[in-house]
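This report concerns only the one structure given below.
2 protein chains.
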Amino acid sequence: MNAVATKPPPENDLNERLAHSGLRLTPQRQQVHEVLREKMDHPTADQVFLRAKNKMPEISMATVYNCLDALVKCGMVRQVTLDRGATRFCPNMQDHSHFYCDECGSVYDILQTISPADAGIRLPRGFRLKNIETNLHGLCPDCAAKAK
Amino acid sequence: MNAVATKPPPENDLNERLAHSGLRLTPQRQQVHEVLREKMDHPTADQVFLRAKNKMPEISMATVYNCLDALVKCGMVRQVTLDRGATRFCPNMQDHSHFYCDECGSVYDILQTISPADAGIRLPRGFRLKNIETNLHGLCPDCAAKAK
DNA sequence: TCAAGATTTAGAATTATTCTAAATAGACGG
DNA sequence: CCGTCTATTTAGAATAATTCTAAATCTTGA
Ligand SMILES: [Mn+2]
Ligand SMILES: [Mn+2]
Ligand SMILES: [Zn+2]
Ligand SMILES: [Zn+2]
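Dropping the structure here:
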């Protein structure tokens with residue numbers, strides 16, 4: 000699953016994946032996606048809006064939400080909800096989990112996931128599992144150092 | 000860790016745990032906690048408010064938020080954030096994960112046989128892990144049946 | 001009994017997200 | 001190219017979720 004390198008360059012992917020979901024590739028969707036890939040710090044919709052405005056000053060907040068929803072729907076972006084604050088967005092579609100610093104709120108990709116089997120999870124009859132989300136909570140290196 | 004049965008009855012626990020965090024046991028906190036234990040369907044703050052009002056008509060929304068925060072802080076309640084909607088609350092402090100039905104939004108407790116901490120996540124140097132949260136997404140039995 | 005501090009409360013304020021309706025863009029058939 | 005059709009974008013209003021504020025109330029413990 001990991002050994003065969005048939006993955007097309009991610010940019011083509013965007014076009015195709017949108018099409019596959021009956022969605023068009025628009026400058027705005029492209030821009031929002033680029034913003035996410037540029038700095039993979041899991042920004043909120045609001046932060047995406049501010050960053051996208053630099054290259055595309057006319058873009059609106061509603062469009063950013065629309066684009067993010069489109070990108071999530073077609074599987075190019077993941078939604079990350081970690082606390083009561085705004086939802087964050089992640090363009091890394093590799094299997095990974097998120098480390099959330101309870102102190103400063105920063106989010107890190109952790110390239111390791113727990114399979115349900117490893118976690119000892121057994122679903123009762125009838126449930127249909129689609130995907131698993133693992134969120135690690137604690138202190139980031141900076142905050143851990145300060146805490147000492 | 001699991002074998003020694005020194006756990007006091009959960010109601011005493013509430014008093015003690017609050018005290019341990021420098022918080023008082025108040026009728027409102029008790030009521031909010033009771034509401035959560037009565038129907039463990041992971042209600043939102045709003046739903047907790049409505050249910051609590053039945054026995055305690057003067058309780059306010061602000062108090063419900065305050066109480067929920069207090070209960071979370073002292074470790075009697077878990078916060079569950081699953082999508083862009085309102086945060087949900089869970090009074091089950093056993094090690095378990097949550098199944099979220101993407102179709103109808105219902106949430107189920109899924110018991111784990113192995114603590115995820117033991118499942119072998121390896122963090123880069125410097126990170127201090129406090130706890131792991133596992134969210135399962137898919138279809139609940141009802142929705143899975145309808146989907147066929 | 002009193003002072004200090006914690007908690008509750010109503011309502012205002014803020015933040016996050018969704019909705020609405022009109023304008024625009026772009027694909028497609030002719 | 002032209003006109004039509006539909007998807008998308010847009011501004012702003014509306015709604016939903018949460019937090020804040022300041023005053024009232026309660027509790028605790030000198
Ligand atoms: Mn990520
Ligand atoms: Mn639960
Ligand atoms: Zn941090
Ligand atoms: Zn369902």
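Chains A and B, in that order, are what the protein sequence lines are.
Start counting the first sequence at 0; every next residue gets the next number (numbering that gives the first Met the number 0).
Start counting the second sequence at 0; every next residue gets the next number (numbering that gives the first Met the number 0).
All C-beta atoms in this analysis are idealised placements derived from N, C-alpha and C, irrespective of residue type, glycine included.
- Going by DSSP, V106/B is part of no alpha helix (DSSP H) but of the beta strand (DSSP E) stretching over 106 to 110.
- For the region 20 to 41 of chain B, there are no residues whose beta carbon sits under 8 Å from a beta carbon of chain A.
- Just so you know, the alpha carbons of F48/B and L35/B end up roughly 11 Å apart.
- Within the region 104 to 126 of chain A, contact with chain B at the beta-carbon level (separation under 9 Å) is assigned to Y107, I109, Q111, T112, I113, S114, P115, D117, A118, G119, I120, R121, L122, P123, R124, G125, F126.
- Taking Y107/B as reference, the option from I113/A, R87/A, L128/A with the minimal CA-CA separation is L128/A.
- Between the alpha carbons of A116/A and T62/B lies a gap of roughly 41 Å.
- Any heavy atom of ligand 2 counts here; residues with a Cβ closer than 5 Å to one of them, in chain order, are C89/B, N91/B, D108/B.
- Using a cutoff of 7 Å, the CB of E37/A does not count as near ligand 3, since none of the ligand's heavy atoms is closer than that.
- Contacts with chain B at 8 Å (Cβ-Cβ) include P140/A.
- If you draw a straight line from the Cα of A44/B to the Cα of L122/B, it comes to about 33 Å.
- Around H136/A, the beta-carbon contacts reaching into chain B at under 8 Å are L128, K129, N130, I131, E132.
- Relative to the non-hydrogen atoms of ligand 4, the Cβ of D141/B comes within a distance shorter than 7 Å of at least one.
- DSSP, read as helix, strand or coil, puts V31/B in helix.
- Scanning R28/B, C103/B, S20/B for the CA closest to the CA of D141/B turns up C103/B.
- Membership of N91/B in any beta strand (DSSP E) is not indicated, and neither H nor E is assigned to it by DSSP.
- Contact with chain B is absent for D94/A, since none of that chain's Cβ atoms lies less than 8 Å from the residue's Cβ.
- Chain-ordered, the chain B residues with CB closer than 8 Å to the CB of A143/A read G125, F126, R127.
- Taking the Cβ atoms as the reference, I131/B lies roughly 7 Å from T133/A, within the contact range of under 8 Å.
- At a cut-off of 8 Å, the C-beta of T62/B has no neighbouring C-beta in chain A.
- Taking N65/A as the centre and dropping the five residues before and after it, the same chain places no C-beta closer than 7 Å to its C-beta.
- From the beta-carbon of R83/A, the residues of chain B found nearer than 8 Å are Q78, T80, T86.
- Secondary structure note for T62/A: it is in no beta strand (DSSP E), and the uninterrupted alpha helix (DSSP H) holding it is 60 to 72.
- For a cut-off of 8 Å, the C-beta gap from C89/B to L138/B is around 21 Å, too long to register as a contact.
- Taking 8 Å as the upper bound on Cβ-Cβ separation, chain A lies near no residue of the region 42 to 56 of chain B.
- At a Cβ-Cβ threshold of 8 Å, S96/A and T112/A count as neighbours.
- If you draw a straight line from the Cα of P26/A to the Cα of S20/B, it is about 52 Å long.
- Nearest in C-alpha terms to L70/B, of all of N91/B, K54/B, F98/B, E57/B, is N91/B.
- For D101/A, the chain B residues whose C-beta falls within less than 8 Å of its own C-beta are K129, listed in chain order.
- The C-beta distance from R16/B to C73/B rounds to 4 Å, short enough to fall under 8 Å.
- Using a Cβ distance threshold of 8 Å, Q30/B and L13/B do not count as a contacting pair.
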